[in-house]
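Sequential numbering from 2 applies to the sequence shown in the UniProt record's numbering.
Report on one structure; see the data block that follows.
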Amino acid sequence: KKIVILISGRGSNMQAIVEAGIPGAEIAAVISNRPDAAGLIWANERGIPTLALDHKAYASRDEFDAVLADKIEGMQPDLLVLAGYMRILTPVFVNRFAGRMLNIHPSLLPAYPGLHTHQRAIEDGLKIAGCTVHFVTAELDHGPVVAQAAVPVLDEDSADTLAARVLKQEHQLYPAAVRAFISGDFALVAGRVRYARPLD
Ligand code: GRF
């Protein structure tokens, strides 16, 4: 099977997935909308095909997403993985990859969709934070939940220390979820996540 990973920056989740290894799948490409993404260099050094598609070179979001979707579809991926891909996707794009596109978000959704999740959790005085892997739907950070991991929020935490604790969990959770999807352990059925086998 084939996996395409979309990044925008350092790509540490992409690295975790590559390093974990996904039995039965190859990483067909790592694509970034930012040509200077550090993750592209990392992937390239490991012989993974990379592609930089600069969104600034396109007149509109629709146009960029159409080109991006065509490129991806040409690679015939079984799974599209968003790993720190920091651009909102158009509904047209999302619908083209419905049921085969995952994202990881650094909060326990549906709490804190969007940006600055760790700062908001601290300001609200929460004692537990975490991360969520979900199928991507047209509404940002609202797709059906695949898996979650929780971490404590400590009294002395800053957004950065909490982010680091959550990120460690992301690096465990995302490869496990990708592996399970490729193995057919779960799928999106009528808008809900159905497990044939529990996540390891
Ligand atoms: C992660 O916290 C991810 O959940 C969020 O942005 C961060 C990306 O980190 N969407 P990386 O690029 O995977 O290192």
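By construction, the Cβ of each residue, glycine as well, lies at the ideal position given by its N, Cα and C atoms.
- Just so you know, the alpha carbons of Pro36 and Leu54 end up roughly 7 Å apart.
- Each residue's CA atom was taken as its position, placing Thr133 and Leu109 some 6 Å apart.
- Looking at the DSSP output, Gln149 shares a beta bridge with Thr133.
- Under the DSSP assignment, Ala197 falls outside any alpha helix (DSSP H); it carries neither an H nor an E label.
- Judged by DSSP secondary structure, Phe182 falls within the alpha helix (DSSP H) whose first and last residues are Ala160 to Ile183.
- Look at the beta carbons and you see the segment 65 to 74 touching the segment 85 to 100: at least three pairs across the two are nearer than 8 Å.
- Positions of the beta strand (DSSP E) runs, each at least 3 residues long and wholly inside the segment 19 to 61, are given as 27 to 33 and 51 to 53 in order along the chain.
- With at least 16 other beta carbons inside 10 angstroms of its own, Gly12 counts as buried.
- One alpha carbon belongs to Arg195, the other to His135, and they sit about 12 Å apart.
- Note on Leu174: 16 or more other CB atoms within 10 angstroms of its CB, so buried under the neighbour-count rule.
- Nearest Cα to Pro176 within the set Ala17, Leu168 and Lys128: Ala17.
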